[in-house]
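Below is one structure, written out as structure tokens; comments come after it.
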Amino acid sequence: MEDGMSSDEDYYSDRDSLDGLENEDSEFHCTPPKGPTTKVITKESLLAAQREDLRRVMDLLSLREHHARTLLIYYRWDVERLFAVLVEKGKDFLFDQAGVTVVEHQGLESPLGSTITCDICMDDVPSGETTREDCGHCFCNNCWTEHFMVKINEGQSRRIRCMAHKCNAICDEAVVRNLVSKRHPDMAEKFERFLLESYIEDNKRVKWCPSTPHCGNAIRIEDDEFCEVECSCGMQFCFSCLSEAHSPCSCLMWELWAKKCRDESETVNWITAHTKPCPKCHKPVEKNGGCNLVSCICGQAFCWLCGGATGRDHTWSSISGHSCGRYKAEREKKSERAKRDHYRYMHYYNRYRAHTDSFKQESKLKEIIQVRVSITEERDSRLRDFSWVNNGLLRLFRSRRVLSYSYPFAFYMFGDELFNDEMTKEEREIKQHLFEDQQQQLEGNVEKLSKFLEEPFDQYSEDKVMEIRMQVINLSVITDTLCQKVYECIENDLLGSLQYGNHNIAPYKSKGIEKASELTACWKANDSDKYPPSDCGASELDRPSGSGSSDESGCSSRKRARKDSPGGGLFDLNLPAEVIDRN
Amino acid sequence: MIDFGRVQKELQECSRDMAASGIKVSPKSDNLARLVGTIPGPIGTPYEGGTFQIDISLPDGYPFEPPKMQFATKVWHPNISSQSGAICLDILKDQWSPALTLKTALLSVQALLSAPEPDDPQDAVVAQQYIRENQTFLATARYWTESFAKASSLGVEEKVQRLVEMGFAEAHVRSALEAVGGDENLALEKLCSG
Ligand SMILES: [Zn+2]
Ligand SMILES: [Zn+2]
Ligand SMILES: [Zn+2]
Ligand SMILES: [Zn+2]
Ligand SMILES: [Zn+2]
Ligand SMILES: [Zn+2]
Ligand SMILES: [Zn+2]
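Laid out in structure tokens, this is it:
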């Protein structure tokens, strides 16, 4: 689906360039000319990010900036929808809805030196101390300021309505800025920020990066909200639900799974299914065998069914001197069920964990491999290029990631919780076999790949190294294809036939989670005369260093991000955040 | 801070055309932040002939924030709580505009008495009755007007106010008056004896 992937395939068909793939330099060749469409918006580029949308609306409707902003805020920065309303319902409707008035009121201006009665404070005020909004309503500056302050404090900066009763007009942001800054400069700043951040807060294409502590960035996507992105701070997340990247799990599945892992309800269930507190010393006692008379290490005997203390004698059907009538009670069934559910959960959980834990081991391999590479390079050998090891490792990490999240997916896909009503038992079994078959193939090849990558190739002969190299390259291609197939299977064979409206899965990215590129501000924020026709961030890579951008903030933030990005471009650790945290 | 200059002007303006509007606003004490509004029940409604008192308290941000209004007189109406007197009216919430005044707000409350909006109820029980058994609703509303909003019941409010001004808590004053059957002197004795 993604451009990068098809170029991946092209490279694999060409043996010479294969080794060079994902070399630090090759990143530049691989980047499609368009560049990644996902953008990082920093504090510095926030203004630039919205310029383009503002410009389009201003140009099309011949509007001033604050009117364009009011329209865009009302339409939640959805330019296409705004234009659609314009075509369908006309300009007047569009403006009216959003509270934009573009009528000029020159005729109403009062001569200088006269006074006006302000309807709010009911005082006579010199006309020079009053302000008339675009809607024609005029009040004194003090009253306007008070009104703005109350609204900003209420968090309504983005849509401050005129003070007149039933007037739907939105106040000119320049008037707000001007009047508020005279008396409360700090509030004016707050207003400014709220206004700018509307582009993030009210925009479904833009979301704050969920990193903690917050990196200050937001991410803008181009079309599909169901995708996974990486912020320039290194945070990888699901754009749709803002938790860690979790495909091929759907957001709902992941939410349920994370919750399940979090509360120890499973453990609690297990303990209730397997142990009971002794009525005397209150230690949990495990049941041994089928007998319902259990005894604690303290010597107390008790009835497993009701928990009551008893004597030590019993027959198959009763405990002497004790009758609780619970021998065939409901509870047995209930605890059996809890036990079964727990085993099922543990089955999936253990495999999910096994893959995240393997990653932990394998990430240590990274350093070991660097050492092996430099040892081998020392030797006088025709082996010059070792990118195959690094690429193999990247492939291993990505595939581990897919495998790991495929277990919680399977837990819900084939469990009772979500799709019980949508599949018959037989359908479910068929689907489960299909999926597990794919999953096992992937698993097998991932383990093989892992094994070859662990070989101490620095101690091997050249021929042996060449053989390992071939294996690693082949297995890399195979696991990539198998990952792709797992996603396809989920989309087409498993969810495709169901009414799965809320189970959208971010697409598989062969090259790993897309790194959002910094939006480069190519013009000064206050240089309102020169807007480039479109976002110029894409040309960032082609630009010779030191030329182009006159915006210092844009450049510095880009540099900062490059330097800070983890792994120095060699490794992108596409694994659960918890795993990365643990390292 | 409350714009007391404006409140003063509002009060003057209001008393100037009281004869025409029937709307009265007076301060509860020296502090202009607490006031009492009085509106006549609209003609042709079950509230006709009643005089309704509304407690008004002004927030610090007045007039940039809406005044808080609550019926002090018990009233049977879908948008007014029969328990607390709370009013469900948009201009007292998000539709408030600083250009509105206490008088215009009270006029809107009066208009609400004429035109209930059972779809946006404050009192669900009353709203249900308004929709399902309108005749019963009208009878109850009329009865409440008779019992609580007529001159006789207004006398009680004046007694309450006098006793409150003597320094007793309003809730105590009311229960004392109720206990002694409305006799102001007996109530005072009762309040003094604790
Ligand atoms: Zn004023
Ligand atoms: Zn206006
Ligand atoms: Zn970030
Ligand atoms: Zn998600
Ligand atoms: Zn014990
Ligand atoms: Zn036994
Ligand atoms: Zn028992």
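Taken in order, these protein sequences are the chains called P and V. Residues 1 to 583 in this note's numbering are what the first sequence lists, from first letter to last. Residues 584 to 777 in this note's numbering are what the second sequence lists, from first letter to last. Glycine included, C-beta positions come from ideal geometry on N, C-alpha and C. Keep in mind the model is a prediction, meaning the values are calculated, not measured.
To the nearest angstrom, report how far apart Leu46 of chain P and His147 of chain P are at their CA atoms.
Against the first sequence, residue 46 of chain P aligns to sequence position 46. Against the first sequence, residue 147 of chain P aligns to sequence position 147. The alpha-carbon atoms of Leu46 of chain P and His147 of chain P are separated by roughly 27 Å.
With a threshold of 7 Å (Cβ to nearest heavy atom), would Phe237 of chain P be considered close to ligand 1?
In the first sequence, residue 237 of chain P corresponds to position 237, counting from 1. Incorrect: Phe237 of chain P has no Cβ contact closer than 7 Å to ligand 1.
I need the residues with a C-beta less than 7 Å from some heavy atom of ligand 1; please give them in chain order.
This criterion selects P:Cys118, P:Ile120, P:Cys121, P:Asp123, P:Val125, P:Phe139, P:Cys140, P:Asn142 and P:Cys143.
Does the beta carbon of Pro681 of chain V sit closer than 8 Å to a beta carbon anywhere in chain P?
Position 98 of the second sequence, counted from the start, is the residue given in the question as residue 681 of chain V. Yes, Pro681 of chain V lies at the interface with chain P (some Cβ there is under 8 Å from its Cβ).
Rounding to the nearest angstrom, what Cα-Cα distance links Val125 of chain P and Thr684 of chain V in this structure?
On the first sequence, position 125 is the one that residue 125 of chain P refers to. On the second sequence, position 101 is the one that residue 684 of chain V refers to. Whole-angstrom Cα-Cα distance: 19 Å.
Quick check: what's the CA-CA separation for Asp542 of chain P versus Glu222 of chain P?
On the first sequence, residue 542 of chain P is found 542 positions in, with the first residue counted as 1. On the first sequence, residue 222 of chain P is found 222 positions in, with the first residue counted as 1. Residue confidence is low: Asp542 of chain P scores 39 on pLDDT, short of 50, so the model does not pin down where it sits. No coordinate-derived value is stated.
Run through DSSP, which three-state label would Asp586 of chain V get?
Along the second sequence, read from residue 1 onward, the residue named residue 586 of chain V stands at position 3. In the structure shown, Asp586 of chain V sits in coil (DSSP, three-state: anything other than H, G, I, E or B).
So does Cys215 of chain P have its beta carbon nearer than 7 Å to some heavy atom of ligand 2?
Position 215 of the first sequence, counted from the start, is the residue given in the question as residue 215 of chain P. No, Cβ of Cys215 of chain P sits at least 7 Å from all heavy atoms of ligand 2.
Would you check if there are 3 or more beta carbon pairs closer than 8 Å linking the stretch 398-415 of chain P to the stretch 352-360 of chain P?
Touching, yes, given that three or more Cβ pairs across the two stretches are closer than 8 Å.
Measuring only the C-alpha atoms, how far is Ile430 of chain P from Phe414 of chain P?
The residue given as residue 430 of chain P occupies position 430 in the first sequence. The residue given as residue 414 of chain P occupies position 414 in the first sequence. Distance between the alpha carbons of Ile430 of chain P and Phe414 of chain P is about 10 Å.
Looking at Cys233 of chain P and ligand 3, is the gap between the Cβ and the nearest heavy atom below 7 Å?
Residue numbering aside, residue 233 of chain P sits at position 233 when the first sequence is read from its first letter. Yes; taking the cut-off as 7 Å, the Cβ of Cys233 of chain P has a heavy atom of ligand 3 nearer than that.
Compute the beta-carbon to beta-carbon distance between Cys140 of chain P and Thr130 of chain P, rounded to the nearest angstrom, for a pair I have assumed lies under 8 Å.
Indexing the first sequence from 1 puts residue 140 of chain P at position 140. Indexing the first sequence from 1 puts residue 130 of chain P at position 130. So it is a contact: roughly 5 Å between Cβ atoms.
Please decide whether Val150 of chain P counts as near chain V, where near means a Cβ-Cβ distance under 8 Å.
Residue 150 of chain P sits at position 150 when you count from the first residue of the first sequence. At least one chain V Cβ lies under 8 Å of Val150 of chain P.
Should Gln712 of chain V go down as buried or exposed, given a rule of 16 or more other Cβ atoms within 10 Å for buried?
Stepping through the second sequence from its first residue, residue 712 of chain V is reached at position 129. Buried is the call here.
Taking Cβ positions, are Lys485 of chain P and Gln438 of chain P nearer each other than 8 Å?
In the first sequence, the residue the question calls residue 485 of chain P occupies position 485. In the first sequence, the residue the question calls residue 438 of chain P occupies position 438. A contact, by the Cβ cut-off of 8 Å.
In angstroms, rounded to a whole number, what distance separates the CA positions of Trp659 of chain V and Trp679 of chain V?
Locating residue 659 of chain V in the second sequence gives position 76, where the first residue counts as 1. Locating residue 679 of chain V in the second sequence gives position 96, where the first residue counts as 1. Cα-Cα distance, rounded: 25 Å.
Below 7 Å CB to CB, which residues in the same chain sit around Glu772 of chain V once its five sequence neighbours on both sides are set aside?
Working through the second sequence from its first residue, we reach residue 772 of chain V at position 189. Correct list: empty, nothing qualifies.
Which residues in the same chain have their Cβ closer than 8 Å to the Cβ of Arg177 of chain P, if we skip the five residues on either side of it in sequence?
What you label residue 177 of chain P is simply residue 177 of the first sequence in a count that begins at 1. Ala188, Phe191 and Glu192.
Measuring straight from C-alpha to C-alpha, what distance separates Val747 of chain V and Leu615 of chain V?
Residue mapping note: residue 747 of chain V aligns to position 164 of the second sequence, counting from 1. Residue mapping note: residue 615 of chain V aligns to position 32 of the second sequence, counting from 1. So the two alpha carbons sit approximately 17 Å from each other.
If the cut is a Cβ gap below 7 Å, which residues of chain V does Asp119 of chain P touch?
Taking the first residue of the first sequence as position 1, residue 119 of chain P is located at position 119. Result: Ala682.
With C-beta atoms as the reference, is Cys306 of chain P less than 8 Å away from Cys278 of chain P?
Here residue 306 of chain P is taken as the residue at index 306 of the first sequence, counted from 1. Here residue 278 of chain P is taken as the residue at index 278 of the first sequence, counted from 1. No. Outside cutoff.
Can you tell me whether Cys231 of chain P is buried or exposed, with buried defined as 16 or more other CB within 10 angstroms of its CB?
Within the first sequence, numbered from 1, the residue matching residue 231 of chain P stands at position 231. Its Cβ being crowded by 16 or more others within 10 Å, Cys231 of chain P is buried.
Give the interface partners of Glu146 of chain P over in chain V, defined as CB-CB distance under 7 Å, in chain order.
In the first sequence, counting from the first residue as 1, residue 146 of chain P sits at position 146. The contacting residues are Phe647.
Using a threshold of 8 Å, state whether the C-beta atoms of Lys686 of chain V and Ile606 of chain V are closer than that.
In the second sequence, residue 686 of chain V corresponds to position 103, counting from 1. In the second sequence, residue 606 of chain V corresponds to position 23, counting from 1. In this structure, Ile606 of chain V lies closer than 8 Å to Lys686 of chain V by Cβ.
Suppose the cutoff is 7 Å on Cβ atoms and the five residues either side in sequence are ignored; what does the same chain contact list for Ala218 of chain P look like?
Indexing the first sequence from 1 puts residue 218 of chain P at position 218. Within the same chain, Ala218 of chain P has close Cβ partners Ile41, Ile200, Val206, Lys207, Trp208 and Cys209.
Is the CB-CB distance between Leu396 of chain P and Asn445 of chain P below 8 Å?
Stepping through the first sequence from its first residue, residue 396 of chain P is reached at position 396. Stepping through the first sequence from its first residue, residue 445 of chain P is reached at position 445. Contact: no.
Could you say which of P:Gln370, P:Arg398 and P:Arg55 lies nearest to Asp385 of chain P if we only look at CA atoms?
Taking the first residue of the first sequence as position 1, residue 385 of chain P is located at position 385. Nearest C-alpha to Asp385 of chain P: P:Gln370.
Using a Cβ-Cβ distance under 8 Å, would Cys278 of chain P count as near chain V?
As a first step, residue 278 of chain P is located in the first sequence; it is residue number 278 there, counting from the start. Judged by the 8 Å Cβ criterion, Cys278 of chain P is not in contact with chain V.
Would you identify the three-state DSSP class for Thr117 of chain P, choosing helix, strand or coil?
Indexing the first sequence from 1 puts residue 117 of chain P at position 117. In this structure, Thr117 of chain P counts as strand in the three-state DSSP scheme.
In angstroms, rounded to a whole number, what distance separates the CA positions of Arg529 of chain V and Gln693 of chain V?
Not covered by the structure: residue 529 of chain V. The range shown for chain V is 584 to 777.
Within 8 Å of any Cβ in chain V, is that where the Cβ of Ala169 of chain P sits?
Counting from one through the first sequence, the residue named residue 169 of chain P turns up at place 169. No, Ala169 of chain P lies away from the interface with chain V (no Cβ there is under 8 Å from its Cβ).
Taking the alpha-carbon positions, what's the Asn492 of chain P to Tyr412 of chain P distance?
For the purposes of this step, residue 492 of chain P is taken as residue 492 along the first sequence, with counting starting at 1. For the purposes of this step, residue 412 of chain P is taken as residue 412 along the first sequence, with counting starting at 1. Distance between the alpha carbons of Asn492 of chain P and Tyr412 of chain P: 17 Å.
Using a Cβ-Cβ cutoff of 8 Å, what residues of the stretch 701-731 of chain V are near chain P? List them in chain order.
Per Cβ criterion, the list is empty.
Is it true that the CB of Glu133 of chain P sits closer than 8 Å to the CB of Val175 of chain P?
Working through the first sequence from its first residue, we reach residue 175 of chain P at position 175. Working through the first sequence from its first residue, we reach residue 133 of chain P at position 133. Yes. Within cutoff.
From what residue to what residue does the alpha helix (DSSP H) around Arg401 of chain P run?
On the first sequence, position 401 is the one that residue 401 of chain P refers to. Residues Ser387 to Met413.
Where does Leu771 of chain V fall in DSSP's three states?
The count along the second sequence starts at 1 and reaches residue 771 of chain V at position 188. In this structure, Leu771 of chain V counts as helix in the three-state DSSP scheme.
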